[in-house]
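A.B. asks:
2 protein chains.
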Amino acid sequence: MDSDIYQLHADMCKVFSNATRLKLLNLLRDGEGHSVSEMQKSTGLGQANLSQHLGIMRQRGILLHERKGRNVLYRISNPKITDAFDIIRSVLTDSINARERILHESR
Amino acid sequence: MDSDIYQLHADMCKVFSNATRLKLLNLLRDGEGHSVSEMQKSTGLGQANLSQHLGIMRQRGILLHERKGRNVLYRISNPKITDAFDIIRSVLTDSINARERILHESR
DNA sequence: TAAATATATTAGAATATTCTAATATGATGG
DNA sequence: CCATCATATTAGAATATTCTAATATATTTA
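Residue numbers (this note's numbering), protein chains in the order written: chain G, 1 to 107; chain E, 108 to 214.
1. Any beta-carbon of chain G closer than 8 Å to the one on E/His116?
2. Where do the N-terminal and C-terminal ends of the beta strand (DSSP E) with E/Glu173 fall, by residue?
3. Kindly list, in the order they appear in chain E, the residues whose Cβ is closer than 8 Å to that of G/Met12.
4. At a Cβ cut of 9 Å, what residues of the region 159-180 of chain E count as close to chain G, listed as they run along the chain?
5. Pop quiz: E/Ile195 and G/Ala84 are said to be a contact at Cβ under 8 Å. What is the actual Cβ separation, rounded to whole angstroms?
6. Let's see if you can read the secondary structure: which residues bound the alpha helix (DSSP H) around G/Asn49?
7. Between the alpha carbons of G/Tyr74 and E/Gly153, how many angstroms are there, rounded?
8. According to DSSP, simplified to helix, strand and coil, what is G/Leu73?
9. Please report the straight-line C-alpha distance between E/Ser202 and E/Ile209, rounded to a whole angstrom.
10. So, is E/Leu132 buried or exposed, given that buried needs 16 or more other C-beta atoms within 10 angstroms?
11. With DSSP as the reference, label G/Ser17 as helix, strand or coil.
See below:
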């Protein structure tokens with residue numbers, strides 16, 4: 001019943017566990033609305049694939065969308081998402097640096 | 108060559124995208140070393156399955172391990188991992204609360 | 001050194017994810 | 001109101017993940 005929170009948490013992390021979606025989040029990190037066609041141009045992704053990734057993030061509540069004329073604009077729903085992105089990225093660079101240090105430790 | 112930073116980032120998030128691993132991280136969040144058998148008792152996981160999950164997190168540099176007598180102790184490698192855990196959890200509660208608010212907004 | 005204990009590895013079936021191609025829906029300008 | 005542009009959905013093959021059962025390895029105690 002209540003242990004489901006871990007499954008929800010895992011489901012949210014699943015959204016972040018794909019390189020294409022992370023690139024999209026990075027594109028959207030300014031918090032502004034960006035149209036699908038704009039993102040298609042700047043990423044070079046196939047139209048269907050892009051739309052699927054956006055749909056996944058929308059379903060999970062990571063992105064909000066709003067129709068504006070003939071376009072649909074997407075934006076990040078909560079700035080904490082960008083915070084999480086940055087912390088995980090910094091864990092990654094920490095661990096890359098630690099590995100570097102160990103490699104060069106053969107003095 | 109330089110394996111895309113976004114792919115590495117995604118691979119790290121993949122570790123967090125499983126409810127069992129998140130429960131284990133929560134167990135380990137005190138930063139202390141915990142033995143496999145202790146975790147097995149407190150989680151009720153099968154031995155092989157637990158060992159596999161620990162192995163995945165160790166390989167990705169999320170956990171460190173150290174043999175201590177007949178046991179192997181695991182601990183979280185970087186406190187930022189716990190920070191990321193907490194931020195994502197709080198995005199989740201934000202979004203649950205937002206949903207609640209919308210449901211009760213029928214005035 | 002043999003037996004017991006603690007942890008790791010392997011194999012494989014069940015399930016889930018990702019991408020592409022084809023098609024559908026929905027809005028707008030002419 | 002129809003032709004076009006923007007986005008969404010579907011189907012399905014290729015690939016990846018997860019769990020269980022069986023087995024292997026490593027450490028300690030008797």
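Ideal Cβ positions, reconstructed from N, Cα and C, are used throughout, including at glycine.
None of these values were measured; they are calculated from a predicted model.
C.D. replies: From the atom records:
1. The beta-carbon of E/His116 is placed less than 8 Å from the nearest beta-carbon of chain G.
2. Element bounds for E/Glu173: 170-175.
3. Here the neighbours are Ile195, Val198, Leu199.
4. Here the close residues are Arg167, Gly168, Ile169.
5. About 5 Å separates the two Cβ atoms, so the contact holds.
6. Residues 47-59.
7. In this structure, the CA atom of G/Tyr74 is about 43 Å from the CA atom of E/Gly153.
8. DSSP places G/Leu73 within a strand segment (E or B) once states are collapsed to three.
9. Distance between the alpha carbons of E/Ser202 and E/Ile209 is about 11 Å.
10. The Cβ neighbour count for E/Leu132, taken over all protein chains shown within 10 Å, is at least 16; the residue is labelled buried.
11. Residue state, collapsed to three classes: coil.
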